[in-house]
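Asker:
Now the structure itself:
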């Protein structure tokens, strides 16, 4: 096993060095906050924000100006542009309330969108909870019964304004809490290794592509 | 998009949306009914204790005692994400408390539009608290539109500003673990709230208090104690009773026949 | 004009979406396509606010010579050069793409990879047998953790089945309860917004 | 003992790094049980008579290299061990270049000669249209040249090969696929029309999506993700990156599990709990 770094100045080597040094810069944060990490962090924000300018201009604004406004002559596309510019009125205190127009439109859209597009998935979650207990094996039936009880219990847990002082409600709510905690614990445990894969991918890059230790 | 050959269902509805429309009508009807009851001054039950919401004032109080700032993030949601929309009311509350206690509020954003809205929310809150002079727009910051550039930047901000209270309220993705565990290293009081089911477990593990799923949507009613808002939560509970009954009925029907007419109707 | 008209916009935008989604004859007008483009344009314009915010915050740091101000100099320099490069050559331009692929992309995936470290310390700290509820959560977590790695099956052949059972029965049921509640809470929140009960961005939270 | 619940975060970080470094540099070959889907692929290739042609579709690019490369390597070890003759082709631009880099050292290890025992037709434009052309006329489909632009007529392996069909000696198709074009194109054009069986080396995220096709017999089997690579490496007796990847996962799971156990021992022995 011996190191085999790519040439820093070659067309193939330069990207590897760039990527590897960036990786190490972020990892230094694990020791403590330090100037190298700070630099990397500021570079990241600068690149991401700078990238956004070009990307979103060409995806959202440019097509509307060239195709809709100029190309098709759809004058009403000037409205969202004006509404968007209203956001900048916050720098002029006397008319800063104009910024509420685009905000209100956007939030209204969000409320409408939620109501419009989530009623159907909501119902499909309800119908998916209709379980059939007649299963080929006895354990299958038992599983379905457990599943059914767990769903009802977890629903009870969330009641906000209905008193849980009656014993039946109390027990159901307690069971619901346990079911939810099992669900969350299971979810956590199941996700750990997916998260490791990302780190291992970077480590493999540093050890392999950069240091040349992996064959 | 509608395909040409799909005709309207029942003459007016788009295909497959009939049941959804009526379900929505019933739920909204229940909520609206309860709002009307509250407006009429009828008795509205109280919302059960939600520890995560009780802890908010305490967390801000502790930050005040320690002379350290409070950090609030609405997560990565678009400005029209319902969780982000719910976060505005929460931010309003937090900002008002910070204004009253004269505690610095650091508010970080990944979405420029949300940045603009939050700027308004916080300005209004300081105005209502009678402290417009204390409002500092430079503490409301933008950290690019990219998830991990934002996360790296917030981790850095934790180290430099050392917030004593960290309130994460909105739609979170993989950065939730970085935010919550990064805050835990600092020993700040952390309150996490999200309806993104895939992230709740991480908040539960790393935060002092977690609002699980819909508890975040009850926050505005809980904190304001307004009967009208509480009424909407009561309506929500009645809708839940309806769901409960539907599931029991549907399951009973599933034992009887091969075709479950209730499921068929609900899929219309 | 200061509160009523924005409120009206909220309701109009919400109803446009709802009616277009549910009613066949309104859906045919394709209002959603237009509305989506409108919102995207507004959002695109808002990017400028973000850039202004970065410029002001970091500009002030530089003026004050605040600690670490040189990072702010770097940030603003890169930000503007990269933004102008992007506008000039589009994001497909050779140099623009090279920097993104070889500098930004590795930084981004390394930060994502940090989650592995954080999730480990979080598990170590959080999974304690403090109460019996916490114990239940711990057990579920550990069974799933070992079950998702090849080692689990190597220890006990049926571990994979146990893992699958946890995912299919208690996990699915618990998540179902959470999700159904989220839908209800979301509907109520959306309705509050449409009725003007929740509008913190215009001041006065709730009620009136 | 109670100090066990106060291990600092930095020692834990060191352990996380160690898990990765140990797994990558000194693969332990921790046991992996072989799943049926992988085993059917292995058995199908194992049963082919020596000298049979195997079409290899390199349908991925740089972004999915970490997950698919180990599978490709394991499969080529098997192909050369059984003296099968792979013919590499790619609808994806970068695929054949990536696979060429992987196969060269393996071919050398088994003393296999390019153009005699294996060949790389390279990437040819036209995606599924060109794949269809291959099934009737390889010379036309490959524009007469291999990956390096040399005439196919020069290579002994291509002497009696006219088309991607059974008559030319193709007995199996293996594709390493990361999306579209990928298994659906091969399924329609090669499996259904030419009746050549196909196995897929696939990404973890596509396993569930592919499963119905395996059950229906459309695919002989699938090598599922990095885990599948480790299983195949085990079957061919060549521990590689698949094994180190799954080793790393197993070690990581043991690390987190061990830390939680230690934390709880510390907690339970602490007098102030």
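Protein chains in written order, with this note's numbering: chain A, 115 to 329; chain B, 83 to 350; chain C, 166 to 373; chain D, 9 to 281. Note that beta-carbon positions come from the ideal geometry of N, C-alpha and C, so glycine has one too. All values derive from a computational prediction rather than experimental measurement.
Which runs of the alpha helix (DSSP H) fall wholly inside the segment 148–191 of chain A and span at least 4 residues, in chain order?
Answerer: Runs found: 149–170.
Asker: Taking 8 Å as the cut-off, does the segment 206–217 of chain A touch the segment 220–240 of chain C (at least 3 CB pairs, one atom from each stretch)?
Answerer: Contact fails: fewer than three Cβ-Cβ distances are below 8 Å.
Asker: Identify the residues that DSSP records as bridge partners of residue 95 (chain D): which are they?
Answerer: Note: residue 95 (chain D) sits in a beta bridge opposite D:63 and D:127.
Asker: Which residues does DSSP list as the beta-bridge partners of residue 180 (chain D)?
Answerer: D:62.
Asker: According to the neighbour-count rule (16 or more other Cβ atoms, all chains shown, within 10 Å of its Cβ), is residue 130 (chain D) buried or exposed?
Answerer: Counting Cβ neighbours within 10 Å, residue 130 (chain D) comes out buried, since at least 16 surround it.
Asker: May I have a chain-ordered list of the alpha helix (DSSP H) segments no shorter than 4 residues that lie completely inside the segment 117–147 of chain B?
Answerer: You should have found no qualifying run.
Asker: Using beta-carbon positions only, say whether residue 176 (chain B) and residue 196 (chain B) come within less than 8 Å of one another.
Answerer: No, the Cβ-Cβ distance between residue 176 (chain B) and residue 196 (chain B) is not below 8 Å.
Asker: Is the segment 229–249 of chain B close to the segment 127–144 of chain B, with three or more CB pairs under 8 Å?
Answerer: These segments touch.
Asker: Let me confirm a value: residue 309 (chain B) is counted as buried when at least 16 other C-beta atoms fall within 10 Å, else exposed. Which label applies?
Answerer: Burial call: buried.
Asker: Go ahead and pull the three-state DSSP assignment for residue 125 (chain A).
Answerer: Note: residue 125 (chain A) maps to coil in three-state DSSP.
Asker: If we call anything under 8 Å between Cβ atoms a contact, is residue 314 (chain B) one with residue 186 (chain C)?
Answerer: Result no, Cβ atoms of residue 314 (chain B) and residue 186 (chain C) do not sit closer than 8 Å.
Asker: Note down, in chain order, each residue of its chain lying with its Cβ closer than 6 Å to the Cβ of residue 270 (chain A), except the 5 sequence neighbours on either side.
Answerer: Answer for residue 270 (chain A): 286, 287 and 290, listed in chain order.
Asker: If you reduce the DSSP assignment to three classes, tell me which class residue 251 (chain B) lands in.
Answerer: The answer is strand: DSSP assigns residue 251 (chain B) an E or B state.
Asker: Residue 43 (chain D) lies in the alpha helix (DSSP H); which residues open and close that run?
Answerer: Looking at the DSSP string, residue 43 (chain D) is not in any alpha helix (DSSP H), and its letter there is neither H nor E.
Asker: Residue 241 (chain A) versus chain B: which residues are under 7 Å apart at the beta carbon?
Answerer: The contacting residues are 332, 345, 348 and 349.
Asker: Please list the partners that residue 316 (chain C) has in chain D, where partner means a Cβ-to-Cβ separation under 7 Å.
Answerer: Neighbours of residue 316 (chain C) on chain D, chain order: 38, 258, 261 and 262.
Asker: Which same chain residues end up closer than 7 Å to residue 68 (chain D) when comparing Cβ atoms and leaving out the 5 residues on each side of it in sequence?
Answerer: For residue 68 (chain D), where only same-chain residues beyond five positions count, the Cβ hits under 7 Å are 76, 100, 103, 184, 185 and 186.
Asker: Using C-beta distances below 7 Å, list every residue in its chain close to residue 144 (chain D), excluding the 5 sequence neighbours before and after it, in chain order.
Answerer: Only 171 meet the Cβ criterion.
Asker: Is residue 148 (chain A) buried or exposed, if buried means 16 or more other CB atoms sit within 10 Å of its CB?
Answerer: Exposed, since its Cβ has fewer than 16 Cβ neighbours within 10 Å.
Asker: At what residue ranges does the segment 212–262 of chain B contain a whole run of the alpha helix (DSSP H), taking only runs of 4 or more?
Answerer: As far as the segment 212–262 of chain B is concerned, its whole alpha helix (DSSP H) runs of at least 4 residues are 229–243.
Asker: What are the complete alpha helix (DSSP H) segments, minimum 4 residues, inside the segment 214–302 of chain A?
Answerer: Taking only runs of at least 4 residues, the alpha helix (DSSP H) segments lying wholly in the segment 214–302 of chain A are 214–242 and 252–271.
Asker: Tell me the DSSP bridge mates of residue 188 (chain C)?
Answerer: Residue 188 (chain C) pairs with B:95.
Asker: For residue 126 (chain D), count the other beta carbons within 10 Å of its own beta carbon; 16 or more makes it buried, fewer makes it exposed. Which is it?
Answerer: The residue in question, residue 126 (chain D), is buried, as its Cβ has 16 or more Cβ neighbours within 10 Å.
Asker: Can you list, in chain order, the residues of the segment 202–232 of chain C whose Cβ is nearer than 7 Å to any Cβ on chain A?
Answerer: Here the close residues are 202, 203, 204, 205, 206, 207, 208, 209, 210, 211, 212, 214, 215, 216 and 219.
Asker: Just verifying my parser: in three-state terms, what is the DSSP assignment at residue 169 (chain D)?
Answerer: Note: residue 169 (chain D) maps to coil in three-state DSSP.
Asker: Considering only residues of the same chain and omitting the five flanking positions on each side of residue 109 (chain B), which have a CB-CB separation below 6 Å?
Answerer: For residue 109 (chain B), where only same-chain residues beyond five positions count, the Cβ hits under 6 Å are 321.
Asker: Since residue 293 (chain B) sits in a beta bridge, which residues does DSSP pair it with?
Answerer: Residue 293 (chain B) is bridged to B:275.
Asker: Beta strand (DSSP E) containing residue 207 (chain D): first to last residue?
Answerer: It spans 206–210 - the beta strand (DSSP E) in which residue 207 (chain D) sits, taken as one unbroken run.
Asker: Per DSSP, which residues does residue 299 (chain B) bridge with? Please list them.
Answerer: None, per the DSSP bridge assignment.
Asker: Quick one: Cα of residue 154 (chain D) to Cα of residue 54 (chain D), how far?
Answerer: If I take the Cα positions, the gap works out to 27 Å.
Asker: If contact is defined by three or more beta carbon pairs under 8 Å, each pair taking one atom from either stretch, is the segment 164–184 of chain A in contact with the segment 282–296 of chain C?
Answerer: Segments in contact, no.
Asker: Where do the N-terminal and C-terminal ends of the beta strand (DSSP E) with residue 294 (chain C) fall, by residue?
Answerer: From DSSP, residue 294 (chain C) is part of no beta strand (DSSP E); its letter is neither H nor E.
Asker: Note down, in chain order, each residue of its chain lying with its Cβ closer than 8 Å to the Cβ of residue 24 (chain D), except the 5 sequence neighbours on either side.
Answerer: 260 and 263, listed in sequence order.
Asker: Between the C-alpha atoms of residue 168 (chain C) and residue 367 (chain C), what's the straight-line distance to the nearest angstrom?
Answerer: Taking the straight line from one Cα to the other gives about 7 Å.
Asker: Buried or exposed, going by whether 16 or more other CB atoms sit within 10 Å of the CB of residue 158 (chain D)?
Answerer: So residue 158 (chain D) ends up on the exposed side.
Asker: When Cβ atoms are compared, which residues of the segment 327–355 of chain C fall closer than 7 Å to chain B?
Answerer: Listed by position along the chain: 340, 343, 344, 345, 346, 347, 349, 350, 351, 352, 353, 354 and 355.
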